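Read through the structure below, which is laid out as structure tokens, and then see the notes.
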Amino acid sequence: MNLTVLAGLGATLGALSRFEIMNLFKPLNARMAIPYSTLLINLGGSFILGWLTGISPTIEWQTFLGAGFCGGLTTFSTWMNESIILMKDGQRRDGMIYDGLSLLLGVILAGLGYLLGIH
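Just so it is clear: in the sequence shown, position 116 is 115 by numbering that gives the first Met the number 0, and no numbers are missing.
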């Protein structure tokens with residue numbers, strides 16, 4: 000199958016998954032200072048990409064799951080926007096915690112995914 004089509008199909012599934020996860024976590028996000036839905040989505044994507052790197056799949060699966068699904072699922076721009084909103088609203092501490100957790104846990108989960116993939 001054409002790689003562009005595979006990337007598009009994966010991205011569609013990833014974006015739909017993100018939409019559903021964000022809706023599922025709306026009640027939690029309303030009660031918490033940190034937007035946990037975006038955090039969990041991006042951390043999950045980091046883990047999946049780490050695992051994908053570890054298993055070294057075919058180019059078709061790399062395209063479908065990596066560029067497609069994870070590209071559609073994860074959202075750097077939403078993370079940045081939410082960080083700016085937290086800072087603008089005077090929640091600098093929460094914004095820094097959110098950014099720190101995203102970076103630190105993202106790298107850790109990508110590494111764990113990779114280790115799982117190579118074993």
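Idealized CB from N, CA, C, for every residue including glycine.
These numbers come from a predicted model, not from an experiment.
Extent of the continuous alpha helix (DSSP H) run through residue i
i, result
"Met79", "Phe75 to Lys87"
"Met95", "Arg91 to Ile117"
"Gly53", "Tyr35 to Ile54"
"Leu15", "Leu2 to Leu23"
Status (buried if at least 16 other CB within 10 Å, exposed otherwise) for residue i
i, result
"Thr3", "exposed"
"Gly99", "exposed"
"Pro34", "buried"
"Asn1", "exposed"
"Ile40", "buried"
"Ala6", "buried"
"Leu27", "exposed"
"Leu38", "buried"
"Leu72", "buried"
Chain-order list of residues whose beta-carbon lies under 7 Å from that of residue i (same chain, five-residue window excluded)
i, result
"Leu111", "Phe46 and Gly49"
"Gly105", "Asn41, Leu42 and Ser45"
"Leu8", "Phe63 and Gly67"
"Ile96", "Ile33"
Whole-number beta carbon distance between residue j and residue i, since they are thought to touch under 8 Å
i, j, result
"Gly116", "Ile54", "4 Å"
"Phe68", "Leu12", "6 Å"
"Ala29", "Gln90", "That pair is no contact at about 15 Å."
"Gly94", "Leu85", "4 Å"
Cβ neighbours of residue i in the same chain (closer than 8 Å, five flanking residues each side left out)
i, result
"Tyr113", "Gly49, Trp50, Thr52 and Gly53"
"Ala14", "Gly71 and Leu72"
"Phe24", "Tyr35, Ser36 and Leu39"
Other residues of its chain near residue i: CB distance less than 6 Å, five sequence neighbours each side excluded
i, result
"Leu108", "Leu42, Ser45 and Phe46"
"Ala10", "Gly67, Gly70 and Gly71"
The stretch 79-89 in contact with the stretch 14-22 per 3-pair CB rule at 8 Å: no
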